[in-house]
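Trainee:
Numbering (UniProt numbering), first residue to last: 1 to 222.
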C-alpha cells in the first residue's frame, strides 16, 4: 500500500460498526478486533476496546496503535497510525484515538488477516518420508497463515502442504495449498510450536475463495 494524500478519513464515509484491526505497540503481535463507534472530524476516532476471553483489554493512554480496515468504497484496504488519547469504560469500553493525519491505501491486498480456528493437516517430508500431522490454523490471509501444534520437525525454508476446510456462502471448500515455512517459534507458556507460512503458487480460484473467507471472518467477528 502507498500513502494517499487525496484520501482523508472522513472521505471514506465509514459507518458505526465498521470492522477494524488494531495492533498496539508494546503488546503482542496479534491484530485485535474492534469496531468503529464514531468520529469527530479533526479531533478523534472512537473505537470499541478489543476483548480477550470476553474481557476488555487493559490499554493505556498514549499507546501507539496501527489501525487497519477494508473499505468497500475504495474496494481496498486502508491503514493509519494513531495514538490512544483517552480510555473510557462507560457506557461501554471504548478508546479515543488521535485523528489520523495520513492514510495508507491500496487495492484488495494480500495482507488482510483474520483470526480463525481451523483444524488442518500439515504434510511434511521427514527423513525422506512423507508424513501428515494435525495442527490448528489460527491466523489466515490470502498469502499465508499461522498454525500451531506439535513439533512438525521442519525448519525455516522447508516446504509444507496445508489442507483445511472453509465455508463461504454456505458452500464448503477443501483447500490444498503449498507453502514455505518463514518463521518457527516455541511458546513455552503454551507448550506448543507456532509456524508462520507463506503460500506458494496459489491459483486464482483459491485466492478468491480465501479473500472472501477472510473478509467474512472480519465482518462477522469469526
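Note that CB positions come from ideal geometry on N, CA and C, so glycine has one too. The model shown is predicted, which means the values in this text are computed figures rather than measured ones.
Find out if the Cβ-Cβ distance for the pair residue 19, residue 218 is shorter than 8 Å.
Mentor: For residue 19 and residue 218, yes; Cβs fall inside 8 Å.
Trainee: Could you give the uninterrupted runs of the beta strand (DSSP E) lying entirely in the region 79-108, keeping only those of 3 residues or more?
Mentor: If we require 3 residues or more, the beta strand (DSSP E) runs fully inside the region 79-108 come out as 94-98 and 104-107.
Trainee: Per the DSSP calculation, residue 39 is bridged to which residue(s)?
Mentor: 45, per the DSSP bridge assignment.
Trainee: Span of the beta strand (DSSP E) holding residue 11?
Mentor: Residue 11 -> no beta strand (DSSP E), and no H or E assigned at all.
Trainee: Can you tell me which residues form a DSSP beta bridge with residue 124?
Mentor: Answer by DSSP bridge pairing, in chain order: 131.
Trainee: Under 7 Å Cβ to Cβ from residue 59, same chain only, skipping five residues before and after it: list those, please.
Mentor: Here the set comprises 24, 49, 84, 87 and 95.
Trainee: Could you check the C-alpha separation between residue 146 and residue 191 for me, to the nearest Å?
Mentor: Residue 146 and residue 191: Cα-Cα distance of roughly 16 Å.
Trainee: Tell me which residues share the same chain as residue 206 and place their Cβ nearer than 8 Å to its Cβ, disregarding the 5 neighbours each side in the sequence.
Mentor: Same-chain partners within the cutoff: 175 and 177.
Trainee: Taking the alpha carbon of residue 51 as the point to measure from, which residue in 153, 34 and 39 has its own alpha carbon closest?
Mentor: Comparing Cα positions, the closest option is 34.
Trainee: Among 91, 57 and 103, which residue has its Cα nearest to the Cα of residue 79?
Mentor: If we check each option's Cα against that of residue 79, 103 comes out closest.
Trainee: Which residue comes first and which comes last in the beta strand (DSSP E) that contains residue 166?
Mentor: 159-168 is the extent of the beta strand (DSSP E) around residue 166.
Trainee: To which residues does DSSP link residue 183 through a beta bridge?
Mentor: Answer is 196, bridged to residue 183.
Trainee: Classify residue 15: buried if its beta carbon has 16 or more other beta carbons within 10 angstroms, exposed otherwise.
Mentor: Burial call: exposed.
Trainee: Nearest by alpha-carbon distance to residue 43: which of 123, 99, 181 and 127 is it?
Mentor: Among 123, 99, 181 and 127, the Cα nearest to that of residue 43 is on 99.
Trainee: Between which residues of its own chain and residue 130 is the CB-CB distance below 7 Å, once the five residues before and five after are set aside?
Mentor: Here the set comprises 123.
Trainee: In terms of DSSP beta bridges, what is residue 66 paired with?
Mentor: According to DSSP, residue 66 bridges with 23 and 81.
Trainee: Enumerate in chain order the residues of its own chain whose CB-to-CB distance from residue 45 is below 6 Å, with the five nearest sequence positions on each side excluded.
Mentor: Cβ within range, chain order: 39 and 97.
Trainee: Reducing DSSP to helix, strand and coil, say where residue 119 ends up.
Mentor: In this structure, residue 119 counts as strand in the three-state DSSP scheme.
Trainee: Give the DSSP bridge partners of residue 52, in chain order.
Mentor: According to DSSP, which records beta bridges pairwise, residue 52 is partnered with 55.
Trainee: When the distance is taken between beta carbons, is residue 136 closer than 8 Å to residue 158?
Mentor: Not a contact, by the Cβ cut-off of 8 Å.
Trainee: Just grab the DSSP bridge partners of residue 175 for me.
Mentor: According to DSSP, which records beta bridges pairwise, residue 175 is partnered with 164.
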